[in-house]
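For the sequence shown, my numbering begins at -9 and goes up steadily by one.
Each residue gets a CB set at the ideal place from its N, CA and C atoms; glycine is no exception.
A short worksheet on the structure shown next.
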Amino acid sequence: MLLISGLLFAGIFVFYRELHHLDDPVGLADDRALDTAVRSAPVAVGPDTAAPSPLPPISISLPLIEVPKPGWASQFLRMWRVSGPNMCGALREAGIEMSDWKAASMRNRSYECYFQRIYERDEVRPLSSTFVKVRGNEIGDVVDIRAKIIGPATDAKGHLAPAVLRIFEIIVKQACWRDFEDTLASIQNLRDVEYERFGAYLSFTREAGSGNNFNFVLGLKATSDSQVRTKTYFSTERWLATTDPRLMDSLGTSLSASCAR
-9 MLLISGLLFA
1 GIFVFYRELH
11 HLDDPVGLAD
21 DRALDTAVRS
31 APVAVGPDTA
41 APSPLPPISI
51 SLPLIEVPKP
61 GWASQFLRMW
71 RVSGPNMCGA
81 LREAGIEMSD
91 WKAASMRNRS
101 YECYFQRIYE
111 RDEVRPLSST
121 FVKVRGNEIG
131 DVVDIRAKII
141 GPATDAKGHL
151 APAVLRIFEI
161 IVKQACWRDF
171 EDTLASIQNL
181 RDVEYERFGA
191 YLSFTREAGS
201 GNNFNFVLGL
211 KATSDSQVRT
221 KTYFSTERWL
231 ATTDPRLMDS
241 LGTSLSASCA
251 R
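Structure, rendered in structure tokens:
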């Protein structure tokens, strides 16, 4: 009994001591200080969460800022790649009796060469004729090419006579605009065709009010949106001057005067 009473008394003593410790404000302050210290301790940063290093400076390649070479312009800009005298010469070599390339008149700075042949006429007007004119300026640049055929000769299928069709074939091929060659089929069949792409245009149409007269025009629209944008890009006046010899050499490249055969 004495042993049991002693153990019971010791247990009650330990219980009351722990209860008194929990109510002690000093102990609570120590606990709060310990908790604050834990929260304020620096957090270790692992290698995966480290701040990214600054990016290296970007190096711009020279071709990205290089002045466009004028020699490339002919690949993107629609232009006459044959001179007026050369166009007249090509027609002449094909047997079409074009005149020499010369000033249209004494007081006119425009130049031209032309061909005209009347096959049949009445007292008033030609009934069957062919007329071709290449117009340009004094330095040989072509402005446009025009033709008019009245009462053209045709074969049994209604196709334009080969001798006359040959005129249009030479004109279109000498212009070096390959996409325009598809219009020759319509011209051969005497069907109206109006074609315009990238600032150039071709028109072959039956004359209004006349059943058997046809007008042909091939030229450039220098003010078309595509022409203006491309000319602006390749204009050296729109780019800053440079002293780099590689760029200076590129500016001296001349335009190609003929298309690949």
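DSSP three-state call for residue i: helix, strand or coil?
i       : result
Cys78   : helix
Arg111  : strand
Gly187  : It should be noted that the sequence gives Arg, not Gly, for residue 187. In the structure shown, Arg187 sits in a strand (DSSP, three-state: E or B).
Ser216  : helix
Ala153  : helix
Lys147  : coil
Lys254  : The chain is shown only over -9 to 251; residue 254 falls outside these bounds and no answer can be derived.
Glu102  : strand
Leu(-7) : helix
Leu(-2) : helix
Glu87   : coil
Val28   : Residue confidence for Val28 is low, a pLDDT of 48 falling below 50, so the modelled location carries little weight; the figure read from the coordinates is stated next. Val28 falls in the helix class under three-state DSSP.
Ser73   : coil
Using the DSSP secondary-structure output, state which residues sit across from residue i in a beta bridge.
i      : result
Ala137 : Val122, Phe206
Cys166 : Partner(s): none; Cys166 has no beta bridge.
Val132 : Gly126
Thr173 : BP columns for Thr173 are empty, so no partner.
Thr195 : Asn205
Ser261 : In the structure as shown, the chain starts at -9 and stops at 251, and residue 261 therefore has no counterpart that could be examined.
Pro116 : Arg111
On a Cα-Cα basis, can you pick out the residue from the options that is closest to residue i?
i      : options                        : result
Glu110 : Thr120, Cys103, Tyr104         : Thr120
Gly74  : Leu210, Ala94, Glu102          : Glu102
Met77  : Tyr223, Val162, Asp172         : Val162
Ile81  : Phe105, Arg196, Thr173         : The residue asked about is misnamed: residue 81 is Leu in this sequence, not Ile. Closest by alpha carbon: Phe105.
Arg196 : Leu208, Leu180, Gly209, Lys211 : Leu180
Ser100 : Gly130, Val122, Gly79, Ser118  : Gly130
Ala153 : Glu171, Ile86, Asp134          : Ile86
Lys147 : Arg168, Cys166, Gln178         : Gln178
Ala137 : Gly209, Asn98, Leu(-3), Ala94  : Gly209
Ala165 : Asn98, Val132, Val122, Glu83   : Val132
Val89  : Met96, Arg97, Phe170, Val122   : For the sequence presented, residue 89 should be read as Ser rather than Val. Ranking Met96, Arg97, Phe170, Val122 by Cα distance to Ser89 puts Val122 first.
Leu155 : Asp169, Trp167, Ala175         : Ala175
Val207 : Val218, Glu171, Ala94, Leu192  : Leu192
Arg252 : Asp169, Met96, Phe194, Ile157  : Since the displayed the chain opens at -9 and closes at 251, residue 252 lies outside it and no answer follows.
Glu83  : Ile160, Ala94, Asn98, Ser95    : Ile160
Ser118 : Tyr223, Ser95, Ser225, Leu150  : Leu150
Ile135 : Met(-9), Phe194, Arg219        : Phe194
Would you say residue i faces chain D, with C-beta separation under 8 Å as the test?
i      : result
Gly141 : Chain labels in this structure do not include chain D; a single protein chain is all it has.
Notebook entry, point to check: Are the segment 195 to 203 and the segment 136 to 144 in contact at 8 Å, needing three or more beta carbon pairs?
Noted result: The segment 195 to 203 vs the segment 136 to 144: in contact.
Check: When the Cβ atoms of the segment 113 to 123 are set against those of the segment 181 to 196, are three or more pairs found closer than 8 Å?
Finding: no
Check: Are the segment 116 to 127 and the segment 68 to 84 in contact at 8 Å, needing three or more beta carbon pairs?
Finding: yes
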